[in-house]
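Student: Keeping their order, the protein sequence lines are chains A and B.
Taking my numbering, I'd label the letters of the first sequence as residues -6 to 430.
Taking my numbering, I'd label the letters of the second sequence as residues -6 to 430.
All C-beta atoms, glycine included, are put in the ideal place defined by N, C-alpha and C.
Number of protein chains: 2
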Amino acid sequence: MPVTLNTADPEFERRFSELLSAKREDSVDVNDAVAAIIADLRARGDAVLCELTSKFDRLDLTPDRLRFTADEIAEETAKVSPEDRSALALAAERIRAYHARQMPENVSWTDPEGATLGWRWSPVSAAGLYVPGGQAAYPSSVLMNAIPARVAGVERLMICVPTPDGVINPLVLLAAQISGVDEVYRIGGAQAVAAMAYGTETIRPVDKITGPGNAFVAAAKRQVFGRVGIDMIAGPSEVLVIAEGAQNPDWLAMDLLAQAEHDADAQSILITTDTALGHAVAGAVDRILPTLPRAGIAGASWRDYGTIIFVRNLEEAAALSNRIAPEHLELCVDDPEALAGKCVHAGAIFLGAHTPEAIGDYVSGPNHVLPTARSARFSSGLSVLDFLKRTTLARLTPGALAAIGPTAIRLANAEGLQAHGASVDLRLAELNERTGE
Amino acid sequence: MPVTLNTADPEFERRFSELLSAKREDSVDVNDAVAAIIADLRARGDAVLCELTSKFDRLDLTPDRLRFTADEIAEETAKVSPEDRSALALAAERIRAYHARQMPENVSWTDPEGATLGWRWSPVSAAGLYVPGGQAAYPSSVLMNAIPARVAGVERLMICVPTPDGVINPLVLLAAQISGVDEVYRIGGAQAVAAMAYGTETIRPVDKITGPGNAFVAAAKRQVFGRVGIDMIAGPSEVLVIAEGAQNPDWLAMDLLAQAEHDADAQSILITTDTALGHAVAGAVDRILPTLPRAGIAGASWRDYGTIIFVRNLEEAAALSNRIAPEHLELCVDDPEALAGKCVHAGAIFLGAHTPEAIGDYVSGPNHVLPTARSARFSSGLSVLDFLKRTTLARLTPGALAAIGPTAIRLANAEGLQAHGASVDLRLAELNERTGE
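(1) Looking at residue 392 of chain A: is its Cβ nearer than 7 Å to the Cβ of residue 402 of chain A?
(2) Residue 341 of chain B and residue 363 of chain B - do their beta-carbons sit closer together than 7 Å?
(3) List, from N- to C-terminal side, the alpha helix (DSSP H) runs of 4 residues or more that fit wholly inside the segment 152 to 176 of chain A.
(4) Are residue 89 of chain B and residue 140 of chain B touching if we call contact CB-CB under 7 Å?
(5) Report buried or exposed for residue 151 of chain B, applying the criterion of at least 16 other Cβ atoms within 10 angstroms of its Cβ.
(6) Can you find the residues in the same chain that come closer than 6 Å, C-beta to C-beta, to residue 456 of chain B, ignoring five residues on each side of it along the sequence?
(7) On the three-pair Cβ rule with 8 Å, is the segment 305 to 325 of chain B touching the segment 211 to 225 of chain B?
(8) Rounded to whole angstroms, how far is the Cβ of residue 297 of chain A from the Cβ of residue 18 of chain A, which I believe are closer than 8 Å?
(9) Given a threshold of 16 other Cβ atoms within 10 Å of its Cβ, counted over all protein chains shown, does residue 197 of chain A qualify as buried or as exposed?
(10) Give the residues from the segment 404 to 420 of chain B that approach chain A closer than 8 Å (Cβ to any Cβ), ordered along the chain.
(11) What residues are listed by DSSP as bridge partners for residue 95 of chain A?
(12) Within 10 angstroms of its Cβ, does residue 394 of chain A collect 16 or more other Cβ (buried), or is it exposed?
(13) Roughly how many angstroms separate the alpha carbons of residue 375 of chain A and residue 202 of chain A, rounded to a whole number?
(14) By DSSP's criteria, residue 344 of chain B is part of a beta bridge. Which residues make up the other side?
(15) Buried or exposed: where does residue 299 of chain A fall if 16 or more other Cβ atoms within 10 Å of its Cβ makes it buried?
(16) Starting from residue 150 of chain B, follow its DSSP beta bridges and name the residues at the other end.
(17) Run through DSSP, which three-state label would residue 196 of chain B get?
(18) With 7 Å set as the bound, which would you pick, yes or no: does the beta-carbon of residue 244 of chain A sit closer than that to a beta-carbon of chain B?
(19) Could you name the residues of chain A that residue 77 of chain B contacts, counting a contact when the two beta carbons are closer than 7 Å?
(20) Assuming residue 47 of chain A contacts residue 39 of chain A under a Cβ cut-off of 8 Å, what Cβ separation, rounded to an integer in Å, is found between them?
(21) Taking 7 Å as the threshold (beta carbon to beta carbon), is residue 276 of chain A in contact with chain B?
(22) So, at 6 Å on beta carbons, what are the nonlocal neighbours of residue 261 of chain B in its own chain, with the 5 sequence-adjacent residues on each side left out?
(23) Where do the ends of the alpha helix (DSSP H) carrying residue 69 of chain B lie?
(24) If you pair each beta-carbon of the segment 174 to 190 of chain B with each one of the segment 69 to 80 of chain B, do three or more pairs fall below 8 Å?
(25) Jot down the residue ranges of each uninterrupted alpha helix (DSSP H) in the segment 391 to 419 of chain A, minimum 4 residues, whole runs only, in chain order.
(26) Quick check: residue 307 of chain A and residue 329 of chain A, are their CB atoms within less than 7 Å of each other?
(27) Output the boundary residues of the beta strand (DSSP E) element that contains residue -2 of chain B.
(28) Tell me where the alpha helix (DSSP H) around residue 236 of chain A begins and ends.
(29) In chain order, what residues of the same chain lie with their CB nearer than 7 Å to the CB of residue 277 of chain A, ignoring the 5 residues before and after it?
(30) Taking the C-alpha atoms as reference points, what is the distance between residue 109 of chain B and residue 80 of chain A?
(31) What is the DSSP secondary structure of residue 375 of chain A, reduced to helix, strand or coil?
(32) Hey, could you find the ends of the alpha helix (DSSP H) residue 46 of chain B is sitting in?
(33) Can the beta-carbon of residue 30 of chain A be found closer than 7 Å to that of residue 184 of chain A?
(34) Step through the CB atoms of chain B and report whether any lies within less than 7 Å of the CB of residue 355 of chain A.
(35) Considering only residues of the same chain and omitting the five flanking positions on each side of residue 130 of chain B, which have a CB-CB separation below 7 Å?
(36) Can you check whether the C-beta of residue 131 of chain A is within less than 7 Å of a C-beta belonging to chain B?
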């Protein structure tokens, strides 16, 4: 049995607060090491990329070998089975269709004073996606990062993916190809982030960097933020399942374990109104766990962070969910729409027993890059908007300036910014002359 | 004459690159001092706020005096003249009307497979606005930060504003009142940011922090980012004016000086196709400058960072503008709409000779909190979206799961995440049983 809490317990509030504030990740301080790598990359460019790739990935490269050639990509992607190829293509198509609906409209109107106002969206010119190497090289993450960028209209899209010992996952390259990525580089770590932000002799810099990575990648993204845009600093993944009585305990147990198998730091929480169901799910987890290929990881996550919370009703469940602000929220209840309406802080909601979270990781269409560690209180999953920016527009007729200009002058003077006021006043003076006032 | 560049000059590219990469701000490293303040605030709460307010603002407070009372606010705001009050109210109304149009729609649709997909926007629950004290306490900034939050539906809105020697600008309190701010605290610096992020005995924490500040405030925002959301790290302000021949040089000179009077680190750039106009503007700046109350600041900015660039045509102007990615872009040309279409990286565009930038600082309606230091390449001005977050929604029918589930299973297995696949497979197995397959 994992940690269990019960809202009827007088100690509940204290224990729930502990759950909320528990840190699941060791915060290794790599800031100084990362700052040194960035400075070195800025000074010596490609040479640093080659040296560090040799050191960390045991791969000796010359600058002309940093980028995958079209032939190399063709050779690797040819290894992918037709079934995997179709699966990736279907997933890409559904992700593209979902994100295409996110494209915002440009807006313009003229107000009664004669001011034409509005805004206009435009894509960033170039984006770089970081893809972790080795075990965590997920082709689905390539689709989830690259497709929104392409839908937004990003002109140049590049990927950095480390290839330890020269090994690349062919599905990652195929996903890049299907998503329309222009350039793929076999580099990783803080040096790859620095290369994307500042450029080198062979790599042109980008304007926006997205994608997950280890502590070095996360620290590098935080340090280059401002020079370029970044998506977010993602923490370990988490799921919250809210269930009423009449649910299949095996399904819920597998959903909790699917989250747990990501990472020993992942967290799976079940909130249920039904004591019997809670115990049945706990039993099912224990029964299924040993059968999983990733039993070690999933078992550690469930042991350290797995939690079952018993509540008296769904109102309580929604209130706790809002305090957790989960990355993934599964609502296995009779009326999931009604409950979803009360769960206002969540990255992604999966409604009903036939929408397991795993479907959202691959094929339902919404993005799987989502806010973790309670940040769904204030942030959103990756979307087309992350690759767009908005320019506001204003055009005043002389009449509009006459109508609202005096207000600007008054406020400018109140703030002690007389040149601001004078820039309006000079124009008003001319208008008054013209109209003979 | 300030720095002048000419695209016809063979040295132009080198000199323009220097202009782009010039740093206008001393980057003082206050990270360690700020980290210590945040740690102290988390440990000792209100006591730290009182101690540091005494130290930096020469104001002795007890915890019950941190917050302005309703009586204190009424007493201060009563000092505002009716004219200033009306001006603030008109500005607030126009800002509110503009931002109300930014409210995005919730979207939902059902695809042919039977998956109901969409997303939903919801406000952050609580937001905190930092307002610098002293000279830089701008009531207009209170409106620009608070109104979008209120339009978004933020439930609890608070302000921190330092009051050196106990002095507050009554217009700041009035702007807070007009915008519907719930709580105003007389604290500032990194400790105020920490209090908003972590809370104290008397201050409840918020989910999002916006607003400008000095190096300490900026470093504190960067450090609490992730615990809470932040808007952006703003640098010194800048304007780019693009002008053709038939423009009034005094108007353009005053627009350049309006930017320069903000801050000695501010930057004003004129790009013109007309050599005579460029020289006339430079002359007008020299003539007007000594007449300004803030001549010292504006003069330092113009001397150190003021730039006039002569170009052969507007195509060149647009291309340079896109490399500068200015915060404010004024288009004083015959067809500003056509030129605006080519200027794709800019925070805010002001079209035509009767739309001076200062109008946008106060009353046109768009936000004046805008991306600086070339970050308009990848980011946008403050908007209602900064106070909202998006939750994605998905609900599959059994038929939809049957249609797309197998693809998820295949990709999950390809990624080595078997519990992910099994969570779909268990459900498909039951469906197959039910349909007797």
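Tutor: The relevant details are as follows:
(1) no
(2) Their beta carbons are under 7 Å apart, which means residue 363 of chain B touches residue 341 of chain B by this criterion.
(3) Those alpha helix (DSSP H) runs which fall completely within the segment 152 to 176 of chain A and span 4+ residues are 163 to 172.
(4) yes
(5) Residue environment: residue 151 of chain B is assigned as buried (16 or more neighbouring CB atoms within 10 Å of its CB, all protein chains considered).
(6) Residue 456 of chain B is absent from the model: chain B starts at -6 and stops at 430.
(7) No, the segment 305 to 325 of chain B does not touch the segment 211 to 225 of chain B.
(8) With 8 Å as the limit, residue 297 of chain A and residue 18 of chain A do not qualify as a contact, their Cβ atoms being about 12 Å apart.
(9) With fewer than 16 Cβ atoms within 10 Å of its Cβ, residue 197 of chain A is classed as exposed.
(10) 404, 405, 407, 408, 409, 410, 411, 412, 413, 414, 415, 416, 417, 419, 420
(11) None, per the DSSP bridge assignment.
(12) buried
(13) 12 Å
(14) Beta-bridge partners assigned by DSSP to residue 344 of chain B: A:388, B:324.
(15) buried
(16) B:120
(17) coil
(18) yes
(19) 403, 407
(20) Incorrect: roughly 13 Å between the Cβ atoms, too far for contact.
(21) no
(22) 232, 249, 252, 253, 299
(23) 63 to 70
(24) no
(25) 391 to 407
(26) no
(27) -4 to -1
(28) Run containing residue 236 of chain A: none in the alpha helix (DSSP H); it sits in the beta strand (DSSP E), 231 to 236.
(29) 242, 243, 246
(30) One alpha carbon belongs to residue 109 of chain B, the other to residue 80 of chain A, and they sit about 21 Å apart.
(31) coil
(32) 39 to 50
(33) yes
(34) With 7 Å as the cut-off, residue 355 of chain A counts as an interface residue toward chain B.
(35) 124, 154, 162, 165
(36) Among the CB atoms of chain B, one or more fall inside 7 Å of the CB of residue 131 of chain A.
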